[in-house]
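As numbered in our numbering, residues 390 to 853 make up the sequence shown, in order.
Here a beta-carbon is modelled for each residue, glycine too, at the ideal position from N, C-alpha and C.
In this text, all values refer to a predicted model and were calculated from it rather than measured experimentally.
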Amino acid sequence: MADKKTLLRSIPKMDELLKNEAFTELDKIYGSKMVLECSRKILDSLRKDILEEKISEFDNDTIINNIKCELSSETSVNLRRVINATGIVLHTNLGRAVIGKKVAENVFNAVSGYSNLEYNIEEGKRGSRHDHARKLLTKLCGTEDAMVVNNNAAAIMLALGAMAKNKEVVVSRGELVEIGGSFRVPEIMELSGNILKEVGTTNKTHPDDYVNAISENTGAFLKVHTSNFKIMGFTEEVDLDTLCKLGHENNLPVIYDLGGGALMDLEQFGIHDEPNVPKLLESGVDILTFSGDKLLGGPQAGIIVGKKKYIDLMKKHPLARAVRVDKFTLSMLCETLKCYLDPEIAVRDVPTISMIAQNIDDLTAKCKKFMKLIENDIECVADRDFGQVGGGSVPTQMIESAVCRITDSRIKADKLERILRIGTPSIIARISKDNVLLDVRTIDESEFPIVADALLKAFDIKEK
Ligand SMILES: *Cc1c(COP(=O)(O)O)cnc(C)c1O
């Protein structure tokens with residue numbers, strides 16, 4: 390074993406080390422400044438390890454390898470792809486809606502060069518960024534006008550601020566919800582300069598409650614979709630049709646915060662009680678707002694549809710600039726909306742809809758296909774369990790799904806769940822009755838080999 394002094398002396402000098410041909414390539418990828426910085430760091434830590442007698446030998450290849458690892462970790466992007474094996478289609482913590490490949494490719498085309506974001510090509514002069522989504526949204530929803538902002542929270546703030554500033558907005562006590570984070574209806578209303586006028590009770594609100602609340606200072610009726618909970622039992626709410634009729638009889642606009650915002654009928658896939666946007670607009674509601682990254686399956690965005698005279702007010706409102714969307718979002722949203730021109734294309738190309746559309750037979754077959762990759766080496770069974778649409782939509786509805794239940798007792802469930810989670814890529818699974826469950830609804834078939842590999846590695850079985 391070499392002594393400390395000899396080891397220290399054999400650490401390569403920086404300029405000699407950099408002569409190694411490996412650095413030509415590294416310089417090209419990372420730039421010479423970054424390469425130098427990381428090399429210095431590796432040599433310093435090597436020196437320290439020798440002094441602390443942590444290592445007794447090394448060679449140049451190891452040093453170069455360590456530099457490569459350092460460069461790769463220093464320049465890696467922390468926001469990365471994970472595999473969702475939870476069966477929750479719209480998982481807020483996992484980025485809500487997944488964007489389809491075709492949509493993403495078209496977006497790349499639109500944003501990797503200049504675009505007509507605010508340019509009217511026909512007329513050769515300044516255009517409006519609102520025009521792009523407006524055309525598709527008015528067509529798909531059957532409405533007069535549309536506008537897109539950053540998210541649904543911003544959409545509601547803008548609608549309330551533009552339509553009823555300094556005025557009372559009437560809301561049912563059964564709909565004063567908190568959606569998550571700090572989005573609470575009463576607080577939003579305060580921020581947008583409205584006066585909250587609560588009516589009814591937690592479980593029951595009648596049409597008269599709204600009418601009796603009207604004063605000279607009333608600005609609008611607001612209805613909020615209780616998208617993350619359901620009050621059961623002795624309940625009554627005023628439906629949208631009735632509320633619109635009451636509002637219009639009293640010359641008051643009606644705003645509906647829908648949250649989820651499906652553009653097509655999801656009943657056909659067994660999702661009940663989730664009204665779709667075109668149908669809701671038949672009520673004559675003045676303004677309806679919903680999210681782009683929930684049931685629509687697009688990017689984070691707040692979509693406002695309804696009457697032109699109110700949307701014109703919103704476009705002119707000072708807040709509009711602060712909550713406006715960028716070209717990535719607009720392009721991604723328009724590409725997603727385009728899919729809905731033909732429902733069959735939406736089922737094929739919008740992953741959120743494809744995942745919801747898989748029926749239990751498809752899912753069982755999919756699960757068996759996955760299990761073929763591991764069942765010779767790992768004990769597991771095909772089982773049924775319940776997943777969710779998630780993302781604050783369809784609150785009480787669980788959707789039946791096929792899961793691969795890992796019954797192999799060589800690794801405890803909580804340990805296996807962790808191994809999968811901290812691996813690369815991360816696989817997020819859930820535990821039920823002391824078994825790890827992999828719900829195949831939210832795993833793409835192209836991800837099967839990765840998941841199988843991670844499991845085989847976890848059980849220390851050589852990759853095949
Ligand atoms: C999700 C949701 C919101 C918030 O929408 P974001 O797009 O996340 O801002 C607001 N209201 C309702 C009813 C919702 O379900």
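Can you tell me which of the options puts its alpha carbon nearest to the alpha carbon of residue i?
| i | options | result |
| --- | --- | --- |
| S428 | I453, K417, F447 and T615 | I453 |
| G649 | H637, D797 and E663 | E663 |
| I800 | N455, I850 and D701 | I850 |
| V496 | D715, D828 and D450 | D715 |
| L929 | L526, L652 and A602 | In the structure as shown, the chain begins at 390 and stops at 853. Residue 929 is therefore absent and cannot be evaluated. |
| I577 | K593, V566 and M546 | M546 |
| G420 | K491, S461 and D433 | S461 |
| L866 | K705, D630, P707 and Q689 | Outside the shown range of the chain (390 to 853) lies residue 866, about which nothing can therefore be said. |
| P642 | H661, I839, Q689 and I700 | I700 |
| N541 | R573, N505, H521 and V588 | R573 |
| F848 | D766, K755 and F412 | D766 |
| I603 | D842, A843, E512 and H637 | H637 |
| D881 | N824, T813 and R470 | In this structure the chain extends from 390 to 853, so residue 881 is not present and cannot be described. |
| M441 | K704, K393, I510 and D598 | Note on residue identity: the sequence assigns Glu, not Met, to residue 441. Of the candidates K704, K393, I510 and D598, the one whose C-alpha sits nearest the C-alpha of E441 is K393. |
Since residue i is in the alpha helix (DSSP H), which residue starts that stretch and which ends it?
| i | result |
| --- | --- |
| S821 | It is not in any alpha helix (DSSP H) - S821 instead sits in the beta strand (DSSP E) that spans R819 to S821. |
| F759 | I749 to K761 |
| T395 | K393 to R398 |
| E733 | P732 to D738 |
| L708 | L708 to A711 |
Is residue i helix, strand or coil by DSSP?
| i | result |
| --- | --- |
| V566 | coil |
| M552 | helix |
| M703 | helix |
| M403 | helix |
| E463 | helix |
| N482 | helix |
| I800 | coil |
| M536 | strand |
| D630 | helix |
| K853 | With a pLDDT of only 44 at K853, under 50, the local geometry of the prediction cannot be trusted, and no value is derived from it. |
| S743 | helix |
| K846 | helix |
| L827 | strand |
| R523 | helix |
| L506 | coil |
| V471 | coil |
For the beta strand (DSSP E) holding residue i, just list the boundary residues, first then last.
| i | result |
| --- | --- |
| S680 | I676 to S680 |
| E789 | M787 to I795 |
| G695 | G691 to G695 |
| I868 | As shown, the chain starts at 390 and ends at 853. That puts residue 868 outside it, with no answer to give. |
| A771 | C769 to G779 |
| A609 | T607 to V613 |
| Y599 | Element bounds for Y599: not the beta strand (DSSP E) but the alpha helix (DSSP H), P596 to N601. |
| V560 | E557 to S561 |
| L655 | Here L655 belongs to no beta strand (DSSP E), and DSSP marks it neither H nor E. |
Report yes if the CB atom of residue i is closer than 7 angstroms to the CB atom of residue j, and no otherwise.
| i | j | result |
| --- | --- | --- |
| V500 | S720 | yes |
| G686 | L722 | no |
| R830 | Q747 | yes |
| I431 | I472 | no |
| P740 | G484 | no |
| N342 | E557 | The structure shown does not extend to residue 342, since the chain spans only 390 to 853, so no value can be given for it. |
| G779 | H480 | yes |
| A474 | D828 | yes |
| R562 | T591 | yes |
| I816 | L826 | no |
| K586 | E625 | no |
| I795 | C769 | yes |
| A791 | T753 | yes |
| L632 | K612 | yes |
| G516 | Y503 | no |
| G695 | D675 | yes |
| K697 | D534 | yes |
| P688 | C530 | no |
| I439 | L396 | yes |
| R518 | L506 | yes |
| K491 | D731 | no |
| F679 | L647 | yes |
| V424 | L415 | yes |
For residue i and residue j, which I take to be in contact (beta-carbon distance under 8 angstroms), what is that distance rounded to the nearest angstrom?
| i | j | result |
| --- | --- | --- |
| I644 | A548 | 5 angstroms |
| S581 | G550 | 4 angstroms |
| C793 | M744 | In fact, because the Cβ distance is near 16 angstroms, the residues do not count as touching under 8 angstroms. |
| V559 | V588 | 6 angstroms |
| M536 | L702 | Actually they are not in contact, since the Cβ atoms of M536 and L702 sit about 11 angstroms apart, beyond 8 angstroms. |
| L635 | P575 | Rounded, the Cβ-Cβ distance is 22 angstroms, inconsistent with contact. |
| S445 | A391 | 7 angstroms |
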